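Peer 1: Can you read through this structure? Questions will come right after.
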Amino acid sequence: MSAYEWLTPSAEEYIGWDVDVLYGPWPRHHRDIGLAEVRDRLSRSPVAAALALSTRGPLFDDGEGNAETVRDLAGCPELLPVGTIDVRDALTAEDRLDELATAGVRFLRLFTIEQMAEPGFPGYRRVVSLALERGLTLLHDGDPRRYGPPLMGLGADVVFLDLHAYLLADFLLLAREEPGFRATTRMLSGPDSIERVVETVGPRHLVFGSRTPFMDISPQTLRLRYADISDDDRAAIATKNVEELLV
11 MSAYEWLTPS
21 AEEYIGWDVD
31 VLYGPWPRHH
41 RDIGLAEVRD
51 RLSRSPVAAA
61 LALSTRGPLF
71 DDGEGNAETV
81 RDLAGCPELL
91 PVGTIDVRDA
101 LTAEDRLDEL
111 ATAGVRFLRL
121 FTIEQMAEPG
131 FPGYRRVVSL
141 ALERGLTLLH
151 DGDPRRYGPP
161 LMGLGADVVF
171 LDLHAYLLAD
181 FLLLAREEPG
191 FRATTRMLSG
201 PDSIERVVET
211 VGPRHLVFGS
221 RTPFMDISPQ
231 TLRLRYADIS
241 DDDRAAIATK
251 NVEELLV
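Numbers given in this note's numbering equal positions in the sequence shown, counted from 1, plus 10.
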């Protein structure tokens, strides 16, 4: 037994799906963290499975990066591949999306911050339109207050990866009207952020995302463990909401 109970993972910390996992080099981080190390970190955590992406796609070449992700994760039963599109070269988006469809990829991650894409840019609009036509779920970075409104009324399934606790009220106003809008728990660090989402719009609007390996998993699993919500709500956030997207 651990000297401190909170250091021993409990059933309340079990995470069926982590939607925010990367591997490879990344700006602002001092080294390249490869797939083997990421898998090792996940294996020692309460996370059972994850949606993952090679950083080669958003940083260097989307086509080669997507191919690398699909190839690398073919031997990783606990990881599902996520694709990406370089929104700065949206003329190639249709070919990239067809390649992802052939590979059976169901999730598309947009890196608007790194690629300096505004919601009103023609390339961004084209990528989003093509992705939604193909029924892809968007994993979306950036401020939901800026990117959420243009996605409303489209029947889109969108997971916002960078929802901060300070922006929560605006996200809740969006989620009241959009059943397909979800956000990760990663930056909901307010003392009642998770509870506020559950009470206002229900647990289906939250999923777990850690940003492994660039952030530590344990504080986030503990936040969900100690949230003042029901076990059913916790299970929905940790597992069931992503499973619905996989049906």
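In this text, a Cβ means the ideal position worked out from N, Cα and C, and glycines have one as well.
Only a predicted model underlies this, so the values are computations on that prediction, with no experimental measurement involved.
If you draw a straight line from the alpha carbon of Ser-139 to that of Asn-251, how long is it in whole angstroms?
Peer 2: Roughly 24 Å between the two C-alpha positions.
Peer 1: Going by CA-CA distance only, name the one from Ile-43, Ala-166 and Leu-118 that's closest to Pro-68.
Peer 2: The shortest C-alpha separation from Pro-68 is found at Leu-118.
Peer 1: For my contact list, Leu-61 and Val-29 are in at a C-beta cut-off of 8 Å; report their separation, rounded to the angstrom.
Peer 2: 5 Å
Peer 1: Can you tell me which of Thr-122, Glu-143 and Ala-179 puts its alpha carbon nearest to the alpha carbon of Asp-151?
Peer 2: Proximity to Asp-151 across Thr-122, Glu-143 and Ala-179 peaks at Thr-122, based on C-alpha coordinates.
Peer 1: For Pro-87, which beta-bridge partners are listed by DSSP?
Peer 2: Bridge partners of Pro-87: none, in fact.
Peer 1: Consult DSSP for Asp-30 and reduce its assignment to one of helix, strand or coil.
Peer 2: strand
Peer 1: Count the other CB atoms, across all protein chains shown, that sit within 10 Å of the CB of Ala-84; report buried if there are 16 or more and exposed otherwise.
Peer 2: exposed
Peer 1: Using the three-state DSSP reduction, which class does Val-92 fall into: helix, strand or coil?
Peer 2: coil
Peer 1: Among residues of its own chain, excluding the 5 on either side of Ala-175, which ones have a beta-carbon nearer than 8 Å to its beta-carbon?
Peer 2: Met-197, Leu-198, Ser-199, Gly-200 and Ser-203
Peer 1: Report the residue from Gly-165, Glu-187, Thr-195 and Leu-177 whose alpha carbon sits nearest the alpha carbon of Leu-171.
Peer 2: Thr-195
Peer 1: Taking 8 Å as the threshold, find out whether the segment 43 to 50 comes into contact with the segment 230 to 241 through three or more Cβ pairs.
Peer 2: no
Peer 1: Which word fits Val-257, buried or exposed, when buried means at least 16 other C-beta atoms lie within 10 angstroms of its C-beta?
Peer 2: exposed
Peer 1: What first and last residue would you give for the beta strand (DSSP E) that runs through Phe-117?
Peer 2: 117 to 120
Peer 1: Does Arg-66 come within less than 7 Å of chain C when only Cβ atoms are used?
Peer 2: Among the chains of the structure shown, chain C does not appear; only one protein chain is present.
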